[in-house]
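**Q** Before we start, here is the structure in question, set down as structure tokens.
Residue numbers (our numbering): 126 to 297.
This is how it looks when you write it as structure tokens:
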């Protein structure tokens with residue numbers, strides 16, 4: 126395995142798919158921070174995109190799974206496996222993409238987050254968002270972290286864990 130985190134991720138994902146009988150190329154790209162600092166060379170992680178060119182529609186549906194559950198599981202395995210025995214500074218975050226699913230879902234999650242923020246602001250009441258994976262809950266936290274008048278946290282235990290958006294109440 127390569128020492129380069131992106132190459133290591135690409136090799137790992139290609140091998141995992143081959144074990145399931147699927148042969149596909151894996152394209153890697155850097156994910157840049159969601160900040161306004163365009164000069165930043167930091168990355169939030171790596172996107173590993175499964176090239177769907179040689180996959181049939183059933184293989185694509187199977188790899189994505191219901192509500193992205195299989196893609197989420199592959200991504201969880203990638204992040205867990207590829208960071209084993211890596212020093213803290215060598216650990217990386219991986220997003221596994223297929224057929225534009227993550228990009229579309231991120232846009233949906235952003236809309237859900239913005240709608241919840243508007244609702245909290247207009248009512249002054251907390252809003253609970255259900256049916257999000259842990260990765261999707263992290264996305265909502267990220268989307269809303271710069272809203273100083275709001276706070277987000279998760280409540281409950283899996284599989285009934287929900288994200289809560291509420292007016293910022295400050296330190297308790």
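C-beta atoms are modelled at their ideal positions from N, C-alpha and C, and glycine is treated no differently.
May I ask which residues mark the beginning and end of the beta strand (DSSP E) holding residue 141?
**A** Here residue 141 refers to the residue found at position 16 of the chain shown. No beta strand (DSSP E) contains residue 141, which is instead part of the alpha helix (DSSP H) from 130-144.
**Q** Candidates 249, 132, 176: which alpha carbon is nearest residue 148's?
**A** Taking the chain shown and counting its residues from 1, one reaches residue 148 at position 23. Closest in C-alpha terms to residue 148, from the list 249, 132, 176, comes 176.
**Q** So the alpha helix (DSSP H) residue 268 belongs to, where does it begin and stop?
**A** Reading the chain shown from its first residue, position 143 is the one you call residue 268. Residue 268 -> alpha helix (DSSP H) spans 259-269.
**Q** Our contact map puts residue 254 next to residue 265 with C-beta atoms below 8 Å; I'd like the distance itself, whole angstroms only.
**A** Indexing the chain shown from 1 puts residue 254 at position 129. Indexing the chain shown from 1 puts residue 265 at position 140. About 7 Å; that satisfies the 8 Å criterion.
**Q** If you draw a straight line from the alpha carbon of residue 130 to that of residue 237, how long is it in whole angstroms?
**A** As a first step, residue 130 must be located in the chain shown, where it is residue number 5. As a first step, residue 237 must be located in the chain shown, where it is residue number 112. Their backbone Cα atoms lie some 32 Å apart in a straight line.
**Q** Could you tell me the alpha carbon to alpha carbon distance between residue 186 and residue 156, rounded to whole angstroms?
**A** Numbered from its first residue, the chain shown carries residue 186 at position 61. Numbered from its first residue, the chain shown carries residue 156 at position 31. Taking the straight line from one Cα to the other gives about 25 Å.
**Q** State the Cα-Cα distance for the pair residue 217 and residue 200, rounded to the nearest angstrom.
**A** Taking the first residue of the chain shown as position 1, residue 217 is located at position 92. Taking the first residue of the chain shown as position 1, residue 200 is located at position 75. Straight across, the Cα-Cα distance linking residue 217 with residue 200 is about 12 Å.
**Q** Mind checking residue 135: buried by the 16 CB within 10 Å criterion, or exposed?
**A** As a position in the chain shown, residue 135 is number 10, starting the count at 1. Label assigned to residue 135: buried.
**Q** Give the straight-line distance between the Cα atoms of residue 195 and residue 272, rounded to the nearest whole angstrom.
**A** Residue numbering aside, residue 195 sits at position 70 when the chain shown is read from its first letter. Residue numbering aside, residue 272 sits at position 147 when the chain shown is read from its first letter. Cα to Cα, residue 195 sits roughly 32 Å from residue 272.
**Q** Check whether the Cβ atoms of residue 170 and residue 230 lie closer than 8 Å to each other.
**A** By 1-based counting over the chain shown, the position of residue 170 is 45. By 1-based counting over the chain shown, the position of residue 230 is 105. Going by C-beta atoms, residue 170 is not nearer than 8 Å to residue 230.
**Q** Residue 138 and residue 299 - do their beta-carbons sit closer together than 8 Å?
**A** Since the first residue shown for the chain is 126 and the last is 297, residue 299 is missing from the structure and cannot be characterised.
**Q** Straight-line CA distance for residue 239 to residue 269?
**A** As a position in the chain shown, residue 239 is number 114, starting the count at 1. As a position in the chain shown, residue 269 is number 144, starting the count at 1. Straight-line Cα distance between these residues: approximately 8 Å.
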